[in-house]
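Peer 1: What follows is a single structure, and I will ask about it in a moment.
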Amino acid sequence: MSKTFGTSLMFGVILVIAATFLGGSAADQKRLPLPVTPPTEAAKEYFHVEGCGMLKTGIRFAENETTGYTLTANDQTWELRLKSDQLRKSADELEGKCTYVTGTPEFVQYPSRGMVPTIVVESIRAGKPMQPMGN
């Protein structure tokens, strides 16, 4: 299986799982994390995602309904939640470039934007564009 197909399949599965856990109204839920257990020796089940795509910074929406950082690959855009100054600094340096991130998925419910797929970033670095399928 190619990496591009595998990544698309992984994101599709994550979206289906997220839809399963959506219940209640937007007022009841702000962040909708998947049932994620951080990978430890004791943990046998968890979600961990990786993505390689074009990083954009300085993204703005009404009512600050954004993290300000997005990663786009294969016509899919995920927001990036960067929890440290070092991660934000690295992201700012990689703006407009192909970037590789790893982290855990969550889905944030915004009043006007609806549910937005987000990666809580654990690592970020310059990436390489993937080869087209079949090459």
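Numbering (the numbering used here), first residue to last: 31 to 165. We put the beta carbon where it would ideally sit given N, CA and C, even for glycine.
1. Can you give me the start and stop residues for the beta strand (DSSP E) that L85 sits inside?
2. Going by alpha carbons, who is nearest to Q221 out of R155, E75, Y76?
3. Please name the residue in F91, T87, A92, N94 whose C-alpha comes closest to that of T100.
4. Flag this pair as touching only if the segment 143–150 and the segment 120–130 have three or more C-beta atom pairs under 8 Å; answer yes or no.
5. Run the CB neighbour count on R90, radius 10 Å, all protein chains shown included, and call it buried at 16 or more, exposed below.
6. Taking only the alpha-carbon atoms, compute the straight-line gap between V79 and E109 and give it to the nearest angstrom.
7. When the Cα atoms are used, what is the spatial distance from P147 to R111?
8. If you draw a straight line from the C-alpha of C82 to the C-alpha of N94, how long is it?
Peer 2: Taking the definition as stated:
1. Where L85 is concerned, the enclosing beta strand (DSSP E) stretches over 79–87.
2. No statement about residue 221 is possible, as the shown extent of the chain runs from 31 to 165 and does not include it.
3. Nearest to T100 by alpha-carbon distance, out of F91, T87, A92, N94, is T87.
4. With the cut-off at 8 Å, the segment 143–150 and the segment 120–130 do not touch.
5. Burial is judged here by how many other beta carbons sit within 10 angstroms of a residue's own beta carbon; R90 has fewer than 16 and is exposed.
6. Cα-Cα distance, rounded: 13 Å.
7. Their backbone Cα atoms lie some 10 Å apart in a straight line.
8. One Cα belongs to C82, the other to N94, and the distance between them is close to 25 Å.
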